[in-house]
Structures are given as C-alpha cells and as structure tokens.
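Okay, structure first, notes after.
Protein chains: 6
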Amino acid sequence: MENQKEVAEFNAYREKMNEKILGSDNLVLKRLFNLDTNTYEDGALPSITKEMLGFVASMVLRCGDCIKYHLGKCADFGVTTPQMFEIFAVANIVGGTIVIPHTRRALGYWEELMAAK
Amino acid sequence: MENQKEVAEFNAYREKMNEKILGSDNLVLKRLFNLDTNTYEDGALPSITKEMLGFVASMVLRCGDCIKYHLGKCADFGVTTPQMFEIFAVANIVGGTIVIPHTRRALGYWEELMAAK
Amino acid sequence: MENQKEVAEFNAYREKMNEKILGSDNLVLKRLFNLDTNTYEDGALPSITKEMLGFVASMVLRCGDCIKYHLGKCADFGVTTPQMFEIFAVANIVGGTIVIPHTRRALGYWEELMAAK
Amino acid sequence: MENQKEVAEFNAYREKMNEKILGSDNLVLKRLFNLDTNTYEDGALPSITKEMLGFVASMVLRCGDCIKYHLGKCADFGVTTPQMFEIFAVANIVGGTIVIPHTRRALGYWEELMAAK
Amino acid sequence: MENQKEVAEFNAYREKMNEKILGSDNLVLKRLFNLDTNTYEDGALPSITKEMLGFVASMVLRCGDCIKYHLGKCADFGVTTPQMFEIFAVANIVGGTIVIPHTRRALGYWEELMAAK
Amino acid sequence: MENQKEVAEFNAYREKMNEKILGSDNLVLKRLFNLDTNTYEDGALPSITKEMLGFVASMVLRCGDCIKYHLGKCADFGVTTPQMFEIFAVANIVGGTIVIPHTRRALGYWEELMAAK
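Below is the structure:
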C-alpha cells in the first residue's frame with residue numbers, strides 16, 4: 135500500500151511540532167491544548183461520540199491533519215468501517231462535493247489504520 | 135421569553151420555501167432534498183447520533199438555519215441539555231470563538247424547544 | 135408578498151453605505167470597488183456569464199448581500215428562472231445542504247425581482 | 135441615525151446569553167471564555183494591536199457579532215477612523231468582495247461608537 | 135515542465151479512490167456521486183457554463199482537487215485560456231488574495247492540460 | 135533541519151507563477167496584484183502592523199502559501215518570536231483548533247526564517 139507509513143509520519147511530525155509549541159512560554163496556546171484534550175473526555179456523552187463529532191467537524195471544515203488525528207482516535211475507540219462511511223455521508227451531504235477529496239484521503243488513511251489493528 | 139415564537143416562525147418559513155423549491159422541476163435539487171432525509175436515517179449509527187453529527191457540522195460551518203433545524207431534530211430524539219452543552223463545547227473548541235455568537239443563539243432556540251416539551 | 139420591498143431596501147442601504155466608504159480617502163477600498171465593477175464587464179466571456187459566476191461564488195460562500203446583488207444583476211441580464219434553478223443546483227451540490235437556507239432566501243428575492251419586471 | 139441603539143442592544147444580548155452559558159456547569163466552555171479574555175491582554179504585543187488582530191480575523195471570517203465586539207474594543211483602545219479604514223482595506227483585499235457587506239455594517243456600527251464618545 | 139504528470143496522477147488517484155468509495159454499500163454516497171454527475175448535464179444552461187460555475191465555486195472554496203477536476207472538464211468543453219483568466223479574475227475578486235495561491239497552481243495545471251491537447 | 139530549503143522553494147515557485155499570471159493581459163488580475171502591494175504600505179498604520187494583520191487573516195482562513203508569504207514579511211519587518219506566538223494565540227482562539235495544523239507548519243517555516251537571519 136503506497137501510504138503504508140502515513141500514520142507513523144503524521145504522528146511523529148505532529149508530536150515533534152506540538153512539543154515545540156508547548157515548549158514556548160505562551161500560556162494561551164498551552165491552555166488551549168489542554169482544553170482540547172478535556173473536550174473529548176467522557177461526560178454526558180461518551181468519548182467515542184465526541185470523537186465522531188470532532189471528526190465530522192474536521193471533515194466539513196476540510197482540515198486534513200485534524201481529519202487524520204480524529205480518524206486515529208475513532209479507530210482507537212472502536213468505530214467500525216460501516217459507521218465511518220455513515221459519518222462520511224453526513225459530512226458530504228452537509229458540506230457538499232468539496233468534501234469528496236477529503237473523503238478519498240480519509241478512506242486511504244482509515245484503511246491503513248484498520249490494516250494496523 | 136422574547137423569542138417565544140422563533141421555532142414556529144422558522145418551521146413555517148422553511149416549509150413554505152422548501153415546497154416552492156420542490157415545486158420547481160429541478161431534479162437535482164429534488165434528489166438532494168431526498169438524499170438529505172436518507173442521510174439521517176437509522177443505520178450503522180442511530181439517527182440520534184447522526185443528528186448530533188449534523189448539528190455540530192452546522193455549528194462549525196456557522197449556518198444559522200441549519201443549526202435551528204438540527205436543534206429541533208436533536209430535541210425530538212431526546213438529546214439532553216448537558217449533552218447539548220458538550221456538543222457546543224466540541225463546536226467551540228474545533229471552530230473557535232467565532233462559534234460563540236451561534237452558541238448564544240442556539241441556546242436561546244434550545245431553551246424555547248425545551249420549554250415547549 | 136411579505137418581502138415586497140426587500141429589493142428596494144437592499145439597494146438603498148447598499149448605495150448609502152457604499153457612498154460613505156467611497157467618501158473616505160482610503161485608496162485601496164476605492165480601487166477595489168472600481169476593480170469589482172471592471173471584473174464583470176464583457177470580455178472573453180459575456181457579462182451575463184460573469185454575473186452567473188459571481189452569483190454561484192456568492193452562494194457557496196454564503197454571503198447573503200452578495201447573493202442579492204448578483205441576483206439583481208442576473209435578472210437585469212435576462213437569466214431565466216429555469217437557468218437560475220440550475221445555478222442553485224450547482225451551488226447546493228458543490229457547497230452542500232448548508233447552502234439550502236440561502237437558496238430559500240435567494241428564491242424569495244428572485245421572485246420579487248421577477249414580479250417587478 | 136437609524137441604528138442609534140445597535141451598540142446597546144448588542145451588548146445587552148451578548149451579556150445576557152454569556153451569563154447563561156457560563157451559568158451552565160460546562161467546564162470547557164467556561165475555560166474557553168476565560169482564555170478568550172487572556173488572549174487580548176498586554177504581552178509582547180499591546181492589547182490595542184491584539185484587538186486589531188482579533189477584529190481583522192473576525193472580518194475575513196465574516197462573523198457579524200465578533201466584528202461588533204472587536205469594534206467596541208478597538209474604539210475603547212483608541213483606534214482612529216483612518217486606522218480602521220486601513221484595517222477594512224486589509225480585510226477586503228485578503229478576503230475579497232464578500233467582505234464588503236460586513237464592511238458596510240461595520241462602518242455603521244463604528245459611526246455609532248464614535249458618536250457616543 | 136516539472137508537473138508534466140500531474141494530470142495523469144490526479145486522474146489515477148481520483149479514479150482508484152472513487153471506486154473504493156462506490157464499492158462500499160453506502161447508498162447516500164453512491165447517490166451523491168450520481169447526482170454530482172447529473173448536475174453538470176446540458177439543461178437550461180449548457181454543460182460548458184455549468185463546468186465554469188463548478189470551477190469558480192471550487193476556486194473560491196479553495197478545494198485543490200475540485201479545481202483540478204473542473205479544469206479538466208473545462209478543457210474538454212473548449213474553454214479558452216483568455217476565458218479561463220477571466221474566471222480566475224472573478225474568483226480572485228470575490229474570494230480575495232487568499233485565492234491567489236490556488237490561481238498559481240490552477241494555471242500550472244491548465245498549462246499541462248493545454249500542452250496535452 | 136528537514137525543511138531547510140522551504141523558504142527558497144516557496145519564493146521561487148511564487149515568483150515564477152506570479153510572472154506568468156502578470157504576463158497574461160488580464161487587467162483585473164494585474165490591478166489586484168498591485169492593489170495587494172499598496173494595501174500593506176505605511177499609512178495611518180505602519181507596514182509592520184499591517185503585515186501582522188495580513189498574517190493573522192491568512193492563519194484563520196488557513197491559506198498555507200499566504201501564511202508563508204506574510205511570515206516572510208513579518209520577519210523582514212522585525213516581528214519577534216514572542217510576538218509571533220501571541221499572533222498564533224489570537225489565530226487559534228478566534229479560529230479554533232483547526233488552526234493548530236497551520237500553526238505547526240508556520241512555526242517550522244518561522245524557525246527557518248529566523249535561522250537565516
């Protein structure tokens with residue numbers, strides 16, 4: 135598979151740069167990163183639902199790296215492939231055909247995540 | 135409550151104009167409207183989850199009327215107020231403070247929906 | 135028709151505020167306004183096609199006042215109602231169901247423009 | 135002036151709804167609201183510059199209520215009308231003519247703020 | 135020319151991934167893909183005009199792969215280079231200078247399409 | 135540093151394609167490019183402030199190449215790293231966590247610019 139290392143590369147780059155950002159002494163960014171983590175914790179809604187929400191939001195906003203991040207989380211929480219396709223469907227209906235290119239790339243990344251399970 | 139009739143007015147206007155659009159002989163629009171309905175039907179994910187997905191997508195895309203529509207559906211499917219606040223939180227973290235004005239208005243509309251239950 | 139004066143009100147407000155903006159001595163804004171006019175003049179493509187392009191762009195970007203402005207221009211250049219519905223279809227397919235609310239309002243405004251012909 | 139009470143109405147509605155949101159026990163939203171305040175405090179850049187940054191960001195993202203909020207802050211910090219027009223110019227060049235409708239409304243609101251000084 | 139194979143690579147990737155998406159049993163996505171094709175068929179407006187509309191919408195929404203797809207279609211239908219520049223102009227005026235980077239890449243892709251004629 | 139040549143490559147590509155665009159006889163695009171330059175000249179606000187405004191606008195609109203261009207200009211005008219982090223903070227708070235991926239890439243590019251000073 136051509137993108138076999140896409141997951142590993144994305145995670146490594148993300149981690150390296152996040153460390154640099156958190157290594158600065160900018161309190162607003164540090165707190166926003168913490169808050170971002172808190173947002174998806176179990177509460178009135180379980181984490182798996184919140185990750186699906188974060189994922190569909192990333193799809194319609196067409197943020198490639200956000201999509202990869204939430205795909206990884208959805209895979210961790212056990213979202214199934216038929217469920218993932220239904221989330222793709224919501225994203226494409228709400229956001230239109232401009233979401234199709236991100237659906238193509240998301241599917242490639244998802245297949246790599248599933249293959250690694 | 136100042137907006138007591140916001141729900142009724144929104145629904146009436148939406149219905150009237152949708153009928154006009156569907157009354158035209160444009161097949162693409164008719165089929166898209168049908169497809170929009172299909173998207174949120176029970177499948178690998180239940181309708182309630184899909185409505186939450188449609189709602190959070192509408193929030194981050196800041197589509198006022200879409201927000202109202204999905205708030206109505208979420209209320210019908212039994213989403214609770216603490217759950218709704220957690221969806222607001224995801225939308226505001228992903229989409230930033232530009233989502234706050236829609237959160238204010240969504241809360242007003244949600245209160246009206248809850249009061250009518 | 136409830137919105138019978140929507141066209142007149144929009145044009146009056148637009149004209150009044152544009153005069154204020156042009157009355158300031160900000161050269162960038164003045165030149166941008168001129169350039170905006172030049173953009174839609176007959177060239178390799180006729181003005182009617184360019185107005186349709188400006189209209190569909192305004193639809194997918196969901197800019198309510200831009201939509202009204204280009205609807206007025208499309209009406210002036212003789213775009214027909216079946217053609218307008220096909221442009222609505224392109225906008226809704228490319229931009230998704232978040233374009234539907236603007237389609238509803240655009241149709242109301244278009245009907246008023248057609249009634250005034 | 136037709137909009138003479140626009141500032142007062144906006145501030146009252148914003149305050150009322152913010153209290154409701156903060157009155158809920160959603161920690162993510164509470165912390166995000168606090169963080170939003172911290173973001174614009176004096177630091178390596180003075181507050182006035184940060185408010186201009188927040189304002190131009192609101193303009194290109196076409197968030198009407200965010201625009202009003204930052205206009206109020208810019209007025210408080212002493213941004214002048216010629217400076218404001220230059221920020222309008224940056225917003226319109228970067229974001230295109232779809233920013234013009236928000237420029238019209240922003241100017242009306244700014245005039246009301248200046249008249250109240 | 136450095137990107138000499140950009141068209142072939144884009145088409146191959148697009149086709150491969152579309153097959154995978156259509157190969158799933160998600161009816162909403164299948165129907166949306168069909169509807170997308172229907173949208174650009176001759177009707178009250180000819181296909182060439184609809185492809186120009188789809189292209190300008192893709193430009194202002196800054197969807198790189200959508201831009202490539204519609205550039206290919208515009209080339210097939212005989213849009214000329216001076217006409218293409220006028221569509222670029224509409225997109226840049228409506229959408230602002232953030233559209234310039236996509237204009238640069240669109241021009242490179244267009245040149246490759248024209249060279250292959 | 136892996137991206138050591140990112141600045142040089144970006145500038146070369148940008149220059150080459152801008153020449154092609156300006157080499158066409160499309161007056162609207164030529165004038166828009168000129169106007170873009172005028173926008174950031176010293177006026178009621180100094181160029182450094184305007185470049186910061188252009189940068190934050192590019193961040194929230196998530197335009198990668200616009201971000202690189204304005205980072206280069208900010209570096210030329212002497213914006214410091216702590217100031218740059220505060221602009222990142224405004225962009226991430228206003229635009230949400232979807233701005234984080236662009237913050238990561240912007241920081242990598244900024245480090246390369248600072249290393250070349």
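One line per chain: the protein sequences are A, B, C, D, E and F, in this order.
Position 50 (the first sequence) corresponds to 184 in this note's numbering; numbering is contiguous.
Position 5 (the second sequence) corresponds to 139 in this note's numbering; numbering is contiguous.
Position 84 (the third sequence) corresponds to 218 in this note's numbering; numbering is contiguous.
Position 93 (the fourth sequence) corresponds to 227 in this note's numbering; numbering is contiguous.
Position 32 (the fifth sequence) corresponds to 166 in this note's numbering; numbering is contiguous.
Position 4 (the sixth sequence) corresponds to 138 in this note's numbering; numbering is contiguous.
By construction, the Cβ of each residue, glycine as well, lies at the ideal position given by its N, Cα and C atoms.
Check, Outcome
"Short-range partners of chain C found in the region 153–185 of chain F, where Cβ spacing is below 8 Å", "Leu-161, Val-162, Arg-165, Leu-166, Leu-169, Asn-172 and Thr-173"
"Straight-line Cα distance separating Arg-196/E from Gly-242/E", "16 Å"
"Assigned secondary structure, Ala-178/B (DSSP; H/G/I helix, E/B strand, else coil)", "coil"
"For Arg-196/E, the three-state DSSP class (helix, strand or coil)", "coil"
"Expected contact under 8 Å - CB spacing of Ile-182/E and Gly-212/E to nearest Å", "7 Å"
"Status (buried if at least 16 other CB within 10 Å, exposed otherwise) for Gly-157/C", "exposed"
"Contact set between Gly-229/D and chain F, taken where Cβ atoms lie within less than 8 Å", "Ala-191 and Leu-195"
"Between the CA atoms of His-236/D and Leu-179/C - distance to the nearest angstrom", "29 Å"
"Residues of its chain near Phe-167/A, where Cβ-Cβ distance is below 8 Å and the 5 sequence neighbours each way are ignored", "Asn-152, Ile-155 and Leu-156"
"Contact list for Cys-200/A against chain F, beta-carbon separation under 8 Å", "Thr-231, Ile-232, Ile-234 and Pro-235"
"Residue closest to Glu-175/B, alpha-carbon to alpha-carbon, out of Ala-223/A, Thr-231/A, Leu-247/A and Thr-171/A", "Ala-223/A"
"Status (buried if at least 16 other CB within 10 Å, exposed otherwise) for Thr-171/C", "exposed"
"Closer than 7 Å at the beta carbon, the chain E residues around Leu-187/C", "Met-186, Leu-187, Val-190, Ile-221 and Val-224"
"As assigned by DSSP and simplified to three states, the class of Asp-159/E", "coil"
"Minimum C-alpha distance to Thr-85/F - residue among Tyr-203/F, Lys-251/F and Val-194/F", "Because chain F here runs from 135 to 251, residue 85/F falls outside it and cannot be looked at."
"Proximity of Ala-225/A and Val-233/A at Cβ, strictly below 7 Å", "yes"
"Euclidean distance between Cα positions of Lys-139/D and Lys-202/D", "13 Å"
"Own chain partners of Met-135/F with C-beta closer than 8 Å, once the 5 adjacent residues on each side are dropped", "Low confidence applies to Met-135/F: its pLDDT is 46, below 50, so where it sits in the model is not reliable enough to give any reading."
"Status (buried if at least 16 other CB within 10 Å, exposed otherwise) for Glu-149/F", "exposed"
"C-beta atoms of Phe-219/B and His-204/B nearer than 7 Å", "no"
"Distance between Val-228/A and Ser-192/B (C-alpha atoms, nearest Å)", "8 Å"
"Terminal residues of the alpha helix (DSSP H) in which Ile-227/F lies", "215–229"
"Within-7 Å CB hit, Leu-205/F to chain A", "no"
"Contact with chain E by Met-151/F, beta-carbon distance below 7 Å", "yes"
"Spatial distance of Thr-173/E from Val-162/B (CA atoms)", "6 Å"
"Residue range of the unbroken alpha helix (DSSP H) whose run includes Gly-212/E", "First-last for Gly-212/E: undefined, no H or E at that position."
"Sub-7 Å separation of Leu-169/D and Arg-165/A beta-carbons", "yes"
"Among Lys-184/B, Lys-251/B and Asp-199/B, nearest to Ile-221/B - alpha-carbon criterion", "Lys-184/B"
"Secondary structure of Ala-250/E, DSSP reduced to three states", "coil"
"C-alpha distance - Asp-199/D paired with Thr-214/A, whole-angstrom precision", "40 Å"
"7 Å Cβ cut-off: residues of chain E touching Gly-242/A", "Met-151"
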